[in-house]
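Here is the structure we will look at, set down as structure tokens.
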Amino acid sequence: MIEGIIYRYRTGIAWRDLPETFGKWQTVWTWHRRLAADGTWDAIHQALTAHAAKNNKVDFTVSVDSTIARAHQHATNISRVKKGLVELQGSGHRVA
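The structure is reproduced here in structure tokens:
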């Protein structure tokens, strides 16, 4: 079960796309929810972080990219065309 959960997070796939080698996705998901609800994942994270910190292997710098920083739909400066045609600008040549 644990390998299925780790695989899902490492690959970023949906639970339903979990390969059958890990068992039924519903079972793996249920185990994940149980371990999250009872605090097991938090305890594992704390233990691993404490061990790494003890050995000076922790880097607490933060890296944020657009996949985790959600923005409101109106946060962009691109205007939306409601009706009519959109004029494309550029050469039209495909770049390899």
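Reading the sequence shown from the start, the letters are residues 308 to 403 in my numbering.
Ideal Cβ positions, reconstructed from N, Cα and C, are used throughout, including at glycine.
Every value quoted in this text rests on a predicted model; they were computed, and no experiment measured them.
Terminal residues of the continuous alpha helix (DSSP H) containing residue i?
i	result
lysine 361	347-361
glutamate 310	309-318
tryptophan 338	332-344
Any idea if residue i is buried or exposed, counting beta-carbon neighbours within 10 angstroms, 16 or more meaning buried?
i	result
glycine 346	exposed
leucine 325	buried
valine 335	buried
glycine 311	buried
Assuming residue i contacts residue j under a Cβ cut-off of 8 angstroms, what Cβ separation, rounded to an integer in Å, is found between them?
i	j	result
valine 365	threonine 356	7 angstroms
threonine 348	tryptophan 332	Looking at the sequence provided, one finds tryptophan at residue 348 rather than threonine. About 18 angstroms; that fails the 8 angstroms criterion.
Worksheet item: Below 8 angstroms, can you find three or more Cβ-Cβ pairs linking the region 309-322 to the region 331-346?
Response: yes
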